[in-house]
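Asker:
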Amino acid sequence: MSSTVLPPPDASELTSSAVAVLNVDGMMCAGCVQTVETQLQQCDGVATAAVNLVTKAAAVHYQAGQVEPEQLATILTDAGFPSRVRQGNDPGNWSEQQEADQQGQVWRLAIALTLLTFSIIGHLNHVGNFHNRFAFPVINTLGFHFALASLTLVGPARGILQDGWHGARQARPNMNTLVSIGALSAYLTSVVALIFPQLGWECFFDEPVMLLSFILLGRTLEERARFRATEALRSLIALQPNDARLVTSSELSQTIEIPISQVQVEDRLRVLPGDKIPVDGQIEQGQTTINESMVTGEALPVTKRIGDQVIGGTLNQSGSITIKVCRTGADSILAQMIALVESAQTRKAPIQGLADRVSGYFTYGILSLALLTFLFWYGAGLVLWPEAAQAALDPHHMHHGHQLLETSRLLVSLKLAIAVVVIACPCALGLATPMAILVGSGIGAQRGLLVRGGDVLETAHRLDTVIFDKTGTLTTGHPWVTDCISYADNLSQDDVIRLAASVEQETRHPLAAAILAAAKQRQLTLVEITDSVTTPGLGVTAKLQEQTVYLGNQALLAKADIATNAADNDANSLNDQSSTLVYIAVDGQLVGLIAVADCPRDDASTVIDQLKRRHLQVQLLSGDRSDVVHRLARDLAIPMAKGEMTPAAKVKEIEKLQQAGHYVGFVGDGINDAPALAQADLGIAMHSGTDVAIETADIVLMRDQLTDVLAALDLSRSTFNKIRQNLAWAFGYNLVCIPLAAGILLPKFGIALSPGFAGGFMAFSSIGVVLNSLLLRWQLREQS
4 MSSTVLPPPD ASELTSSAVA VLNVDGMMCA GCVQTVETQL QQCDGVATAA VNLVTKAAAV
64 HYQAGQVEPE QLATILTDAG FPSRVRQGND PGNWSEQQEA DQQGQVWRLA IALTLLTFSI
124 IGHLNHVGNF HNRFAFPVIN TLGFHFALAS LTLVGPARGI LQDGWHGARQ ARPNMNTLVS
184 IGALSAYLTS VVALIFPQLG WECFFDEPVM LLSFILLGRT LEERARFRAT EALRSLIALQ
244 PNDARLVTSS ELSQTIEIPI SQVQVEDRLR VLPGDKIPVD GQIEQGQTTI NESMVTGEAL
304 PVTKRIGDQV IGGTLNQSGS ITIKVCRTGA DSILAQMIAL VESAQTRKAP IQGLADRVSG
364 YFTYGILSLA LLTFLFWYGA GLVLWPEAAQ AALDPHHMHH GHQLLETSRL LVSLKLAIAV
424 VVIACPCALG LATPMAILVG SGIGAQRGLL VRGGDVLETA HRLDTVIFDK TGTLTTGHPW
484 VTDCISYADN LSQDDVIRLA ASVEQETRHP LAAAILAAAK QRQLTLVEIT DSVTTPGLGV
544 TAKLQEQTVY LGNQALLAKA DIATNAADND ANSLNDQSST LVYIAVDGQL VGLIAVADCP
604 RDDASTVIDQ LKRRHLQVQL LSGDRSDVVH RLARDLAIPM AKGEMTPAAK VKEIEKLQQA
664 GHYVGFVGDG INDAPALAQA DLGIAMHSGT DVAIETADIV LMRDQLTDVL AALDLSRSTF
724 NKIRQNLAWA FGYNLVCIPL AAGILLPKFG IALSPGFAGG FMAFSSIGVV LNSLLLRWQL
784 REQS
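Okay, structure coming up:
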């Protein structure tokens, strides 16, 4: 399977493997992610660490006893990344503090727009006589722009400068280091020009203001877009109610409200119409309809009766019910969904490895390029193309003659070097994968598809073979009455089923459940049966008034010397359909035959056909009888099928395909499917299956619909395509914009980017990645 499994510790060790999630603040770019991961992995006792830039979370596999999560949080905090251990149901990045941060974004947005407006006015002052016509002359003064730049550096931009300095001091420069170098270089150069006007240099205080305003604006818009991308997970967390009505009397009539944290397994809870189901449970009293769309993605309400399971967080719509608590806390389905989605947003796709490696050296490379840019233009560029100085500097600050070039050369070279530092963007590289995974996994959760991580999404789109289990996967997993034949003139099919269900109402055999379900579906009223006797392996004998009723297999009737010749032709035909036959006789005469079978799911044929249309090989591996398996494969047009397969045999079959170069997906639901789910490159489990199968699988289908296999593959393909688009944009942006900022168009076309506009390009490169990821919502909506 694609996920990484940590090996168990040696028996001699007293430590045990554990996983902790840390909420990490202060990360701005992929370089920060690399730094945090390095810090964690260098700690003794840490096996692996995966850090997500978008969710600001670090998932750490560590050896308990060698290191504790609190120590790791302290180490990161000391390194400049304030951290804390996520506790219990703390939603981390979606906590109340995060909500408060969203409100603060409004102020940050207003500040960024104000600074940007003033910086643009400063640039317009050099265009024609704009400054003579402006209504507020004070804004045109050099002193105003000096004060504005100074206030910007010590005010809104202070956090950027502090983080940039902190990274440089620890020899781990990041994007804020680049921005800080660019802004401070422009500011200090302007201060020198202001103090020593005889140098003839340009005072470009507008540049650091524009640069920092673009950065602040870009990050604020980016944060708002990220917040929108996390709506799916926040909506899951919001499903958890705070209180529950605990039943306190044996008559189930008296209740008290208690916090949800105090609810325990086996408690009885009352749920009124309009309430959310507090926890997972089983209905013991009442009947209702429940809207499960927020958990399973199923749009239509589901009717629930006594004995049915209910899911915590779903909405009780119509009736008052009493439930017995089955699962609470982290064991509940909703908590597992939240954990799976958060895990998916932390685990990286392997394709992100290249971006991470590049980001690790990014800052050093950009600083080297900026130095080379400065040396080239100062040493040779402006000597070869002296007219380039006129294009790069404001004409207001130009003089004539050789002295002009000498005094301007340093300033032009410095501005181009600053533009190179500012325009480079490792942040887009860092966001490329996690943003797409964040949106994709969130959409999946809303549609009842739980994907464990980016590595799963990358594997899913490469599949060429899909293998299905049979029982509970391609079939319903429950026996159903498929045929009923009457051999008595005075008995209809309904009469035969009513008679059989009446005899079976006191038994618990799976065939009995199928016959009782058929009677319930036909709304038949059962009759009273007495003296019921069950013979293991044969069937049931009972009394209906003065008549003796026999219900069971052919051997039961043969033992009672009851002839079954009249049913031979029908029995042979139904046997060919893999049905289990139930004979019914009254007072020594055969009166009916009922066929019970595990039927294919309604959508099984459609799914198999669609997979073939996508050029995927389809196979069936099952532990059931070979004749039954081959008959199902024939009905569903599955070209390759094998029956009587042990769990080990399924694993060997998958290994054989993998060794031949195939990427294999396995769809199953039972305990015996867990090894195959683990061995396959992609394991898909039906949520109706066992907990072991669900824990082992890479993708869990919450709605228990086979068509969601197609939806999961579509989701993975679309999400992975979005990752590739984001990475192509991030790499392409830097490949194009860095030479542009270095002045490649300056000699021939006279085009040079100022540091301020370079900052604008850099800020919106990250926004482009975020917005492109959010387009995934629209694309998947169009597909569905």
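Heads up: take any position in the sequence shown, counting from 1, add 3, and you land on the numbering used here. For every residue, glycine included, the Cβ atom is placed at its ideal position computed from N, Cα and C.
(1) For residue 634, does the three-state DSSP call read helix, strand or coil?
(2) Take the Cβ of residue 418 as the centre, count every other Cβ of all protein chains shown within 10 Å, and call the residue buried at 16 or more, exposed below.
(3) Can you tell me whether DSSP reads residue 365 as helix, strand or coil?
(4) For residue 86, which beta-bridge partners are listed by DSSP?
(5) Rank 69, 119 and 317 by C-alpha distance to the C-alpha of residue 796 and give the top, closest one.
(6) Which residues does DSSP list as the beta-bridge partners of residue 35?
(7) Closest to residue 715 by CA distance: which of 211, 453, 216 and 219 is it?
(8) Output the distance between the C-alpha atoms of residue 172 and residue 427, rounded to the nearest integer angstrom.
(9) What residue from 35, 62, 109 and 323 has the CA that sits closest to residue 21's CA?
(10) Kindly list the residues whose CB is nearer than 7 Å to the CB of residue 615, restricted to its own chain and excluding five residues on each side of it in sequence; keep chain order.
(11) Excluding sequence positions up to five away, which residues of its chain have a Cβ less than 7 Å from the Cβ of residue 39?
(12) Mind listing, in chain order, the continuous beta strand (DSSP E) runs of no fewer than 3 residues lying wholly within the segment 454-485?
(13) Return the residue from the list 576, 689, 682 and 760 that minimises the CA-CA distance to residue 478.
(14) Does residue 67 come out as helix, strand or coil in the three-state DSSP assignment?
(15) Can we say the segment 242-252 touches the segment 270-278, given the rule of at least three CB pairs closer than 8 Å?
(16) What residue range is occupied by the uninterrupted beta strand (DSSP E) comprising residue 622?
(17) Using alpha carbons as the reference points, say which of 734, 380 and 521 lies closest to residue 749.
(18) At what residues does the beta strand (DSSP E) containing residue 288 begin and finish?
(19) Where residue 777 and residue 442 are concerned, what is the direct C-alpha to C-alpha distance, given to the nearest angstrom?
(20) For residue 334, list the residues DSSP reports as bridge partners.
(21) Which class does residue 327 belong to by DSSP, given the choice of helix, strand or coil?
(22) Ignore the nearest five residues each way along the sequence and tell me which others in residue 772's own chain have a CB closer than 7 Å to its CB.
(23) Whole angstroms are fine: how far does the CA of residue 667 sit from the CA of residue 300?
(24) Taking the alpha helix (DSSP H) that residue 156 falls in, what are its first and last residues?
(25) Around the Cβ of residue 655, are there at least 16 other Cβ atoms within 10 angstroms (buried) or fewer (exposed)?
(26) Which same chain residues, not among the five before or five after residue 519, have their C-beta less than 8 Å away from its C-beta?
(27) Out of 514, 739 and 260, point me to the one whose CA is closest to residue 583's CA.
(28) Count the CB pairs spanning the segment 464-474 and the segment 752-762 that are closer than 8 Å, and state whether there are at least three.
(29) Assign residue 596 to one of three DSSP states: helix, strand, or coil.
(30) With DSSP run on the structure shown, which of helix, strand or coil describes residue 705?
(31) Report the partner residues of residue 791 according to the DSSP bridge assignment.
(32) Please list the terminal residues of the continuous alpha helix (DSSP H) segment that includes residue 666.
(33) Starting from the C-beta of residue 640, find all residues in its chain whose C-beta is less than 7 Å away, skip the five residues before and the five after it, and write them out in chain order.
(34) Within this structure, are the beta carbons of residue 489 and residue 585 separated by less than 8 Å?
(35) Would DSSP call residue 41 helix, strand or coil?
(36) At the level of alpha carbons, what is the spacing between residue 68 and residue 25?
Answerer: With the given structure in hand:
(1) To locate residue 634, count along the sequence shown from 1; it is residue 631. In this structure, DSSP gives residue 634 a helical state, which the three-state scheme calls helix.
(2) Position 415 of the sequence shown, counted from the first residue, corresponds to residue 418. With 16 or more neighbouring CB atoms inside 10 Å of its own CB, residue 418 falls in the buried class.
(3) Your numbering for residue 365 matches position 362 in the sequence shown. Helix, per DSSP.
(4) The residue given as residue 86 occupies position 83 in the sequence shown. Per DSSP, the beta bridge partners of residue 86 are 27.
(5) With the chain represented from 4 up to 787, any question about residue 796 goes unanswered, as that position is not in the structure.
(6) Counted from its first residue, the sequence shown places residue 35 at position 32. Residue 35 is not bridged to any residue.
(7) Translated into positions along the sequence shown, residue 715 becomes position 712. Taking only the C-alpha atoms, the option nearest residue 715 is 453.
(8) On the sequence shown, residue 172 is found 169 positions in, with the first residue counted as 1. On the sequence shown, residue 427 is found 424 positions in, with the first residue counted as 1. Each residue's Cα considered, the two are about 21 Å apart.
(9) Taking the sequence shown and counting its residues from 1, the one referred to as residue 21 is at position 18. Distances from the CA of residue 21 to each of 35, 62, 109 and 323 were compared; the closest alpha carbon is that of 62.
(10) Stepping through the sequence shown from its first residue, residue 615 is reached at position 612. 621.
(11) As a working note, residue 39 is residue 36 in the sequence shown. Taken in chain order, the residues that qualify are 27, 30, 54, 61, 79 and 84.
(12) If only uninterrupted beta strand (DSSP E) runs of at least 3 residues are considered, those enclosed by the segment 454-485 are 468-471.
(13) As a position in the sequence shown, residue 478 is number 475, starting the count at 1. Looking at the Cα atoms, 689 is the closest of the given residues.
(14) Your numbering for residue 67 matches position 64 in the sequence shown. Strand.
(15) Verdict: yes, contact present.
(16) If you number the sequence shown from 1, residue 622 lands on position 619. For residue 622, the enclosing beta strand (DSSP E) starts and ends at 620-624.
(17) Translated into the one-based positions of the sequence shown, residue 749 becomes position 746. Distance from the Cα of residue 749 is smallest, within the candidate group 734, 380 and 521, for 380.
(18) Here residue 288 corresponds to residue number 285 of the sequence shown, with the count starting at 1. Its beta strand (DSSP E) spans residues 283-288.
(19) Taking the sequence shown and counting its residues from 1, one reaches residue 777 at position 774. Taking the sequence shown and counting its residues from 1, one reaches residue 442 at position 439. Spanning the two alpha carbons is a distance of roughly 7 Å.
(20) The residue labelled residue 334 in the question sits at position 331 within the sequence shown. Residue 334 pairs with nothing; no bridge assigned.
(21) In the sequence shown, the residue the question calls residue 327 occupies position 324. Looking at residue 327 - three-state DSSP - the assignment turns out to be strand.
(22) Taking the first residue of the sequence shown as position 1, residue 772 is located at position 769. Cβ contact annotation for residue 772 (same chain, cutoff 7 Å, sequence separation greater than five): 431, 434, 435, 438, 729, 732 and 733, in chain order.
(23) Within the sequence shown, residue 300 is the residue found at index 297, counting from 1. Within the sequence shown, residue 667 is the residue found at index 664, counting from 1. The pLDDT assigned to residue 300 is 48, lower than 50, so where the model puts this residue is not dependable, and the model offers no usable value.
(24) Counting from 1 along the sequence shown, the entry for residue 156 is found at position 153. Element bounds for residue 156: 145-157.
(25) Your numbering for residue 655 matches position 652 in the sequence shown. The residue is exposed, with fewer than 16 neighbouring Cβ atoms inside 10 Å.
(26) Here residue 519 refers to the residue found at position 516 of the sequence shown. Close CB contacts of residue 519 within its chain, under the 8 Å cut and outside five residues either way in sequence, are with 504, 507 and 508 (chain order).
(27) By 1-based counting over the sequence shown, the position of residue 583 is 580. 514 is the residue among 514, 739 and 260 whose C-alpha sits nearest the C-alpha of residue 583.
(28) Judged by pairs of C-beta atoms under 8 Å, the segment 464-474 does not touch the segment 752-762, as fewer than three such pairs exist.
(29) The sequence position of residue 596 within the sequence shown is 593, counting from 1. In the structure shown, residue 596 falls within a strand segment according to DSSP collapsed to helix, strand and coil.
(30) The residue labelled residue 705 in the question sits at position 702 within the sequence shown. Collapsing the DSSP output to three states places residue 705 in coil.
(31) Any property of residue 791 remains undetermined from this structure, which presents the chain solely from 4 to 787.
(32) Here residue 666 refers to the residue found at position 663 of the sequence shown. For residue 666, there is no enclosing alpha helix (DSSP H), as DSSP gives it neither H nor E.
(33) Locating residue 640 in the sequence shown gives position 637, counting from the first residue. Around residue 640, the same chain offers 611 as residues with beta carbons nearer than 7 Å, after the five sequence neighbours per side are excluded.
(34) Here residue 489 corresponds to residue number 486 of the sequence shown, with the count starting at 1. Here residue 585 corresponds to residue number 582 of the sequence shown, with the count starting at 1. In this structure, residue 489 sits away from residue 585, with a CB-CB distance that is not shorter than 8 Å.
(35) Locating residue 41 in the sequence shown gives position 38, counting from the first residue. Correct three-state label for residue 41: helix.
(36) Position 65 of the sequence shown, counted from the start, is the residue given in the question as residue 68. Position 22 of the sequence shown, counted from the start, is the residue given in the question as residue 25. Computed Cα separation, rounded: 18 Å.
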